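Here the sequence shown is numbered in UniProt numbering, starting from 1 and rising by one per residue. We treat Cβ as the ideally placed atom computed from N, Cα and C, and that holds for glycine. Given the structure is predicted, the values throughout are model-derived calculations rather than measurements. The structure appears below as structure tokens.
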Amino acid sequence: MAARTRRAPAGHLILLLCGLGALLLGQAQARSADEPVRVAVVIDDLGDHLASGQRTVDLPGPVTCSVLPHTPHARRLAEACHRSGKEVMLHMPMQAKNGADRGPGGVDIHMDRTAVEAAVRKDLDAVPHARGVNNHMGSLYTRHPGNLRWVMDALRGEGDYYFVDSRTTARSVAEQVAREAGVPATRRHVFLDHDRDPEMIRHHLERLVRHARRHGYGLAIGHPYPETLAVLEEVLPEWARAGIKLVPASRLVELYGQEEENVP
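What follows is the structure in structure tokens.
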């Protein structure tokens, strides 16, 4: 009679598998430890006020400047950001759920495709050197994939632009629609200044760094408030000394845009 193959007890198999899993996890962590921690900070709502806009231009490092179209200082600040070596984005107004005034330019869900294409073109023309776009407001518009597709098709037709979903609503599908249209995309992971208290802003910057340490990268959006700019003036040099690499938003899109669906 043939000898039976002796099976290892189930408990031993579980321990073996757990050990193997821990080994692989340790190897993955060792590999990721060698990767630089990359973060992008986008300051949007630029264009209405020259002084706060210029202070944003003067921030240390490659902070990304997102400019509202058709505002009094849009063109001047976009030019200043570009000269300083900072990346420029169009902060494109989109319809909000609460009916708030989105400001000049932009799109709403009642516009047809032709009107949307014209708005995209005019907004881009109003913000020289823009390399990407993120939504201003948009808690209603970014829920509508058909309308968003017109925006993304227009962006693709106008040039090599990327899109950052500001995530003004958890129901936004803007990032997904951008990718489906062939527009490179990422999204906001942290808002810096819902609460303008400096300690809360520092807390959210720490959240951004924790997110980046976990995933390798992270993107935050803030505004040119005096409190936000003062905290960034202090923190950005500290990041440089700590080895946290501040990069333009386009760099995150280039490196990690296709991984976003796996990031909470």
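Determine the extent of the beta strand (DSSP E) in which residue i is found, giving its start and end residues.
{"i": "residue 134", "result": "130-137"}
{"i": "residue 219", "result": "217-222"}
Please confirm whether residue i and residue j have their CB atoms less than 8 Å apart.
{"i": "residue 136", "j": "residue 88", "result": "no"}
{"i": "residue 123", "j": "residue 92", "result": "yes"}
{"i": "residue 227", "j": "residue 196", "result": "yes"}
{"i": "residue 57", "j": "residue 77", "result": "yes"}
{"i": "residue 116", "j": "residue 86", "result": "no"}
{"i": "residue 185", "j": "residue 199", "result": "no"}
{"i": "residue 233", "j": "residue 59", "result": "yes"}
{"i": "residue 47", "j": "residue 73", "result": "yes"}
{"i": "residue 42", "j": "residue 221", "result": "yes"}
{"i": "residue 120", "j": "residue 143", "result": "no"}
{"i": "residue 161", "j": "residue 109", "result": "no"}
{"i": "residue 229", "j": "residue 252", "result": "no"}
{"i": "residue 61", "j": "residue 240", "result": "yes"}
{"i": "residue 216", "j": "residue 35", "result": "yes"}
Quick check on residue i: buried or exposed, where buried means 16 or more other Cβ atoms within 10 Å of its Cβ?
{"i": "residue 250", "result": "buried"}
{"i": "residue 145", "result": "exposed"}
{"i": "residue 159", "result": "exposed"}
{"i": "residue 193", "result": "buried"}
{"i": "residue 40", "result": "buried"}
{"i": "residue 114", "result": "exposed"}
{"i": "residue 147", "result": "buried"}
{"i": "residue 212", "result": "buried"}
{"i": "residue 242", "result": "exposed"}
{"i": "residue 134", "result": "buried"}
{"i": "residue 247", "result": "buried"}
{"i": "residue 182", "result": "exposed"}
Kindly indicate which three-state DSSP category residue i falls into: helix, strand or coil?
{"i": "residue 204", "result": "helix"}
{"i": "residue 40", "result": "strand"}
{"i": "residue 164", "result": "strand"}
{"i": "residue 245", "result": "strand"}
{"i": "residue 187", "result": "strand"}
{"i": "residue 169", "result": "coil"}
{"i": "residue 63", "result": "coil"}
{"i": "residue 112", "result": "coil"}
{"i": "residue 192", "result": "coil"}
At which residues does the alpha helix (DSSP H) containing residue i begin and terminate?
{"i": "residue 156", "result": "145-158"}
{"i": "residue 256", "result": "249-256"}
{"i": "residue 237", "result": "226-242"}
{"i": "residue 140", "result": "First-last for residue 140: undefined, no H or E at that position."}
{"i": "residue 181", "result": "Note, residue 181: premise wrong, no alpha helix (DSSP H); not H, not E."}
{"i": "residue 91", "result": "Here residue 91 belongs to no alpha helix (DSSP H); instead the beta strand (DSSP E) covers 88-94."}
To the nearest angstrom, how far is the alpha carbon of residue i from that of residue j?
{"i": "residue 257", "j": "residue 51", "result": "33 Å"}
{"i": "residue 84", "j": "residue 139", "result": "32 Å"}
{"i": "residue 70", "j": "residue 102", "result": "12 Å"}
{"i": "residue 90", "j": "residue 132", "result": "6 Å"}
{"i": "residue 188", "j": "residue 151", "result": "19 Å"}
{"i": "residue 44", "j": "residue 54", "result": "13 Å"}
{"i": "residue 37", "j": "residue 225", "result": "26 Å"}
{"i": "residue 191", "j": "residue 66", "result": "14 Å"}
{"i": "residue 177", "j": "residue 165", "result": "10 Å"}
{"i": "residue 163", "j": "residue 155", "result": "9 Å"}
Is residue i close to chain C? Criterion is C-beta to C-beta, closer than 8 Å.
{"i": "residue 256", "result": "Of the chains in the structure shown, none is chain C; there is only one protein chain."}
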